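Chemist: Note that the sequence shown covers residues 7 to 164 in our numbering.
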Amino acid sequence: MSRRLPSFPRRQAGFSLLEVLIAILVLGFGLLGFAMLQTMNVRFVQSSNYRTEATNLAYDLLDQMRSNRYQSGWYTSASFAADSVKTAQCSRPTGDAVTVVKNIARWQCQVVQALGEGASATVLNNNGRVTVGISWGDQRWDASNPDTKTTFTLESQL
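Laid out in C-alpha cells, this is it:
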C-alpha cells in the first residue's frame, strides 16, 4: 500500500490585480498631492517676489530722500492711489534736467510696473520721520477675495 503525502495548496507567486490597482491608486494620490504642493509653491514664491519688490522700492525712495534732505518734504507728493498711474504713461527721465518731480514720477512708474496698476503708495514726512507704505493686490491663495490688499510699510528717521 502506498502512502500518499498530504497535498498542500500551491503558494501564490507574484501580485494579484487588486494589489496592483491599489498601488496605482496610492501612487496617483501621491502625485496629485505633489502637484498641488507645486501649485501652492508657485503662488507663495510670486507673493514673496512682490514683497521683495515693495521692500526695494520703499528703500529706493527713502534713499532718494536721504540724498536730498533739504528737499525731502517734496517727496510726500510721491503718494498715489490705486489705478491712478498707468504703465503706458511711464517714461525714463535722462540727462541733466532730472528733477525731484521726474524722480517721483519714475518711482511711481516702477511701483506700478513691479506690482501692477492696482498698486498704491503713501509717503509721509513728519519732521524727518518718514513713512513709506506700498499696497498691492496679492492674495492668490484666497479664491473668494484674490485682490485683497497687502501693504509693506517702512519707517525711518532722516
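We put the CB at the ideal spot given by N, CA and C, even for glycine.
In this text the structure is predicted, and so the values were computed from the model without any measurement.
1. In three-state terms, what does DSSP make of T93?
2. Pick helix, strand or coil for G79, following the three-state DSSP scheme.
3. Look at the alpha carbon of T157 and the alpha carbon of G39, and state the distance between them as a whole number of angstroms.
4. What does the Cβ neighbour count give for D144, buried or exposed, with the cut at 16 atoms within 10 Å?
5. Using the rule of at least 16 other Cβ atoms within 10 Å of the residue's Cβ for burial, across every protein chain shown, is Q114 buried or exposed?
6. Since A64 and L160 are thought to touch, with beta carbons under 8 Å apart, how far apart are those beta carbons, to the nearest angstrom?
7. With H, G and I counted as helix, E and B as strand and the rest as coil, what does DSSP make of A41?
8. In chain order, what residues of the same chain have a beta carbon less than 8 Å from the beta carbon of K92, not counting five sequence neighbours either side?
9. Do L121 and A60 count as a contact pair if the criterion is CB distance below 8 Å?
10. Taking the alpha-carbon positions, what's the T128 to T45 distance?
11. DSSP three-state label for N55, please.
12. What's the C-alpha gap between W142 and A41?
13. Taking the alpha-carbon of S78 as reference, which of L31, L37, R98, L130 has the nearest alpha-carbon?
14. Name the DSSP bridge partner or partners of V136?
Modeler: Considering the structure as presented:
1. helix
2. helix
3. 31 Å
4. Residue burial is scored here from C-beta neighbours: D144 has at least 16 other C-beta atoms within 10 angstroms and is therefore classed as buried.
5. buried
6. About 4 Å separates the Cβ atoms of A64 and L160, confirming a contact at the 8 Å cut-off.
7. helix
8. So the list reads V118, E123, once near-sequence residues are dropped.
9. yes
10. Roughly 33 Å between the two C-alpha positions.
11. Looking at N55 - three-state DSSP - the assignment turns out to be helix.
12. Each residue's Cα considered, the two are about 28 Å apart.
13. L130
14. V136 pairs with N131, S162.
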